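Residue numbers (my numbering): 17 to 168. Cβ atoms here follow ideal geometry from the backbone N, Cα and C, with glycine treated the same way. Being a predicted model, the structure only gives us computed values, none of them experimental.
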């Protein structure tokens, strides 16, 4: 599970970083609503990880071990992407920091401690969306004979 989570976490991070760089080249990073597509990239990474995990286990994965693989994929991908964004904003693009400080939800906190807030917001977004995607995806990847204990 760990190797699959790490592998697909790295691939997910590469997808997120690639998407950000494309948005940067197109001059669209100031449109914060495009961050929604990060969840689509995360979903693709998690589904591919669960598919690989199920194949490695010959179709017999437990619900919690599948959730673990999904969560590890989301955690690794989000951690790498958050560190990349922190380094990128600090070293290369102060203008993006100004866009983020103008955001009503996190603008004041970003202005006070920009590095920490950006890192934490990205981590929360990625891990929470990854956990939700993992729960949803496991409904399709769990064993056919999976039952809830003490249920009718």
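Residue 41 versus residue 54 - alpha carbon distance:
17 Å
Whole-angstrom C-beta distance between residue 93 and residue 25, which should lie under 8 Å
4 Å
Scan the segment 28–105 and note each continuous alpha helix (DSSP H) run of 4 residues or more that stays entirely inside, going in chain order.
52–72
Run through DSSP, which three-state label would residue 151 get?
Reduced to three states, the DSSP call for residue 151 is helix.
Cβ-based neighbour list, residue 145, same chain, cut-off 7 Å, excluding 5 preceding and 5 following
55 and 58
Just tell me which of 104, 36 and 83 has its CA closest to the CA of residue 63.
Measuring from the Cα of residue 63, the nearest candidate turns out to be 83.
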